[in-house]
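No gaps in the numbering here: position 184 of the sequence shown is 710 in the working numbering, and each next residue is one more.
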Amino acid sequence: MPRYLFREGVDISADGNDMVVTTPYATRANPNRQTLRFKGVKESLKKILKELSQAGIESNQYLAIPEKIESTAPHLALEPQLKMLYKNGLLIHEIDGCNGIAMRLLPIHPGLDQHPYPETEKEFKLSKFISIQPCIEGLDITTPLSPTTLRLQDHRLYPLIQKLVSPCTTEDIRTFLPEELRIQHRDVIAFLLSSGVVGICNTSNNVEIDQEAITAGWSRQDLSFHTHTRGHFIDRCKEELLPKTIDKKTPPAKHQRIILSKVSLPKPSINNQISNFYQIIQARQTIRAYSSMPITAKALGSLLWYSMHTREEITCDPGLPRSYEGLLRPTASAGGLHSIELYLCIKQCIGISPGFYHYDSFDHTLGKMSDLNKPCQSMLEMAVNTTCRAPQAASVSPSQGQQPDVLIVMATRYARNASLHSETGLAYALILKDAGSIYQQLYLVATALGLAPCGLSFGSSELFEQVSGISGKSECSVGEFMIGNPK
Ligand SMILES: Cc1cc2nc3c(=O)[nH]c(=O)nc-3n(C[C@H](O)[C@H](O)[C@H](O)COP(=O)(O)O)c2cc1C
């Protein structure tokens, strides 16, 4: 029989005749844990609240089940207060089997809807957006479309998940359940529907709850990343369990690479170019066709100076235990972290020999890491091939793609963002936003310098790893940009 109990982080206190339920949830707008107040509480509700804090209550222990309803699922009978607790993500919902707890719904944040067993015959199927994560107790199954985790604790239920890859009738599910759970197969189906992990099939053979996201073209990975990084609620309880940032110092802003030699870049200048800011914005465009005259070290130096040169090293969050080294550059960066560095694959540049370089944003030099070796050539070839995917294709057809003089690769030291964002989960999302800020800066500065700029969508972390000799786990490429002289 389904049972309900409070999840961790729910605290109950009395305030006169009222009962106050403090939830584990807060928001970025208001970091205090949210509360619910039950006014003029009767003894019966007090008793229920107490039991929910302890062993939990079975669904029909307190609630009359309408006779017409065959299922013991409590959806129609739950008292409004219990419904409110459920909806607010405060109740764990579980079903026992002969080995103890068979399955649990563990709320992640408020907004959980309890689904009834459907009154007409339906087919059921897994959502296409689910992810499965093993844990000590069993398998945790989640979907970004539902604020709960379905935990299968009885391993005899695992094959059911595989079975539900294809549409299943009630009878299919019933016969697939361990024997002692068959009698409550309607409760189990209502439970699975409430989890959002399983849904009712529609005429397009999709799960109803997935349909809107499928129509909008969401992939499982993107929807999961999006939901994970744009959430409204914070689970204070979960946060407390995470390792404290104090234990994990943010890696320093400066990081030495192994270089073969150093090239000093000329001091910057934007003379004789369009220098009115608004004109530059108006003039900015992608240019994919290059003149035979290579760019100069002077132009490259100016591009790098006005895009990425480190103006100042600062201490962020001074005085706090989590204080860390930040940087100020022409581009903005979330938290001043500036975890993105520029690497340059130079095919030709007047004043600088071809090769693969790291831009030292502190002393405005290029550190040579290798000659223009095979992986560098592959990077340049990849850039040409992806240039041809320009939406306004008329400008460059596949056979006309030209290698740029310089391919700029943006690479991030993930650990810098990770240490600061272990709680928010925003590390990678913010890196990509920083990359966007750099793309625009490179575009505008290149326009001001009269260069031909082109951002790229495709890049290979593998090639970057090969050419830089740096492990992709400590530094990985996240963006590419081509530069040459315009035709
Ligand atoms: C992040 C990003 C990725 C891009 N990827 C490519 C690409 O792979 N190939 C390409 O030819 N252009 C690429 N571009 C350039 C866009 O196609 C270009 O900005 C768009 O067509 C609008 O043209 P405009 O820049 O001249 O205004 C990219 C631009 C950005 C900002």
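C-beta atoms are modelled at their ideal positions from N, C-alpha and C, and glycine is treated no differently.
Through-space distance from residue j to residue i, alpha-carbon basis
{"i": "Arg810", "j": "Ala974", "result": "8 Å"}
{"i": "Asp889", "j": "His754", "result": "38 Å"}
{"i": "Thr674", "j": "Tyr940", "result": "29 Å"}
{"i": "Gln640", "j": "Val723", "result": "13 Å"}
{"i": "Leu868", "j": "Met936", "result": "5 Å"}
{"i": "Thr912", "j": "Leu906", "result": "10 Å"}
{"i": "Cys1002", "j": "Glu851", "result": "20 Å"}
{"i": "Cys727", "j": "Arg712", "result": "17 Å"}
{"i": "Ile806", "j": "Thr812", "result": "13 Å"}
{"i": "Lys764", "j": "Leu863", "result": "25 Å"}
{"i": "Gly951", "j": "Ala779", "result": "21 Å"}
{"i": "Asp698", "j": "Ile618", "result": "27 Å"}
{"i": "Leu676", "j": "Ile667", "result": "5 Å"}
{"i": "Val714", "j": "Met527", "result": "9 Å"}
{"i": "Cys661", "j": "Leu767", "result": "16 Å"}
{"i": "Ala599", "j": "His681", "result": "Because Ala599 sits at a pLDDT of 42, beneath the cut-off of 50, its placement in the model cannot be relied upon, and the following sentence gives the value as read from the coordinates. Going from the Cα of Ala599 to the Cα of His681 covers about 23 Å."}
{"i": "Arg756", "j": "Ile658", "result": "21 Å"}
{"i": "Lys519", "j": "Thr836", "result": "Outside the shown range of the chain (527 to 1013) lies residue 519, about which nothing can therefore be said."}
{"i": "Thr891", "j": "Leu870", "result": "12 Å"}
{"i": "Arg942", "j": "Ala955", "result": "13 Å"}
{"i": "Glu569", "j": "Val546", "result": "15 Å"}
{"i": "Ala603", "j": "Arg746", "result": "Legend: pLDDT at Ala603 = 41, less than 50; position of this residue unreliable, value from coordinates given subsequently. Each residue's Cα considered, the two are about 35 Å apart."}
{"i": "Ser1000", "j": "Asp748", "result": "23 Å"}
{"i": "Ile760", "j": "Ala555", "result": "10 Å"}
{"i": "Thr817", "j": "Gln928", "result": "The sequence shown places Ser at residue 817, rather than the Thr named in the question. Distance between the alpha carbons of Ser817 and Gln928 is about 10 Å."}
{"i": "Asn731", "j": "Pro1012", "result": "51 Å"}
{"i": "Asp541", "j": "Val567", "result": "10 Å"}
{"i": "Ser539", "j": "Glu605", "result": "20 Å"}
{"i": "Tyr883", "j": "Cys902", "result": "11 Å"}
{"i": "Gln966", "j": "Ile735", "result": "38 Å"}
{"i": "Glu645", "j": "Gly582", "result": "28 Å"}
{"i": "Thr561", "j": "Asn543", "result": "16 Å"}
Presumed contact (8 Å Cβ cut-off) between residue i and residue j, rounded CB distance
{"i": "Phe1007", "j": "Leu982", "result": "6 Å"}
{"i": "Val1004", "j": "Thr938", "result": "5 Å"}
{"i": "Ser721", "j": "Leu631", "result": "5 Å"}
{"i": "Ser801", "j": "Ser963", "result": "The pair is not a contact, with the Cβ atoms about 21 Å apart (cut-off 8 Å)."}
{"i": "Phe702", "j": "Leu686", "result": "5 Å"}
{"i": "Ile872", "j": "Val910", "result": "Not really, about 16 Å apart at Cβ, beyond 8 Å."}
{"i": "Pro777", "j": "Ala716", "result": "Rounded, the Cβ-Cβ distance is 49 Å, inconsistent with contact."}
{"i": "Gly725", "j": "Val733", "result": "3 Å"}
{"i": "Ala953", "j": "Ala944", "result": "5 Å"}
Short Cβ contact (8 Å threshold) for residue i with residue j
{"i": "Arg762", "j": "Ala552", "result": "yes"}
{"i": "Arg533", "j": "Glu620", "result": "no"}
{"i": "Gly517", "j": "Glu738", "result": "Missing from the structure shown is residue 517; the chain here goes from 527 to 1013 and no further."}
{"i": "Leu791", "j": "Ala823", "result": "yes"}
{"i": "Ala628", "j": "Leu683", "result": "yes"}
{"i": "Pro521", "j": "Val536", "result": "The displayed coordinates of the chain run from 527 to 1013. Any statement about residue 521 would go beyond what the structure contains."}
{"i": "Pro979", "j": "Leu989", "result": "no"}
{"i": "Leu638", "j": "Gln607", "result": "no"}
{"i": "Gln874", "j": "Pro820", "result": "yes"}
{"i": "Ile957", "j": "Ile866", "result": "yes"}
{"i": "Val789", "j": "Ile656", "result": "no"}
{"i": "Pro880", "j": "Ile1009", "result": "no"}
{"i": "Lys613", "j": "Pro636", "result": "yes"}
{"i": "Gln688", "j": "Gly664", "result": "no"}
{"i": "Leu946", "j": "Gly998", "result": "no"}
{"i": "Leu616", "j": "Pro633", "result": "yes"}
{"i": "Thr548", "j": "Arg559", "result": "yes"}
{"i": "Met908", "j": "Ser987", "result": "no"}
Check: residue i C-beta below 7 Å from any heavy atom of ligand 3
{"i": "Arg814", "result": "You won't find ligand 3 in this model; what it holds is ligand 1."}
### Message
Within 8 Å, do at least three Cβ pairs link the region 845-852 to the region 826-834?
### Response
no
### Task
Jot down the residue ranges of each uninterrupted beta strand (DSSP E) in the region 771-846, minimum 3 residues, whole runs only, in chain order.
787-790, 838-842
### Task
For the region 898-968, list the alpha helix (DSSP H) runs that are entirely contained and at least 4 residues long, ordered along the chain.
You should have 900-913, 940-946.
### Query
Would you say the region 895-913 touches the region 984-1002, given that touching needs at least three Cβ pairs under 8 Å?
yes
### Task
Would you check if there are 3 or more beta carbon pairs closer than 8 Å linking the region 573-581 to the region 776-786?
They do not touch, by the three-pair rule.
### Query
Taking contact to mean at least 3 C-beta pairs separated by less than 8 Å, is the region 678-697 in contact with the region 739-748?
no
### Task
Run through the region 694-770 for me and flag every whole beta strand (DSSP E) of 3 or more residues, listed as ranges in chain order.
Entirely contained in the region 694-770, the beta strand (DSSP E) runs reaching 3 residues are, in chain order, 724-726, 759-761.
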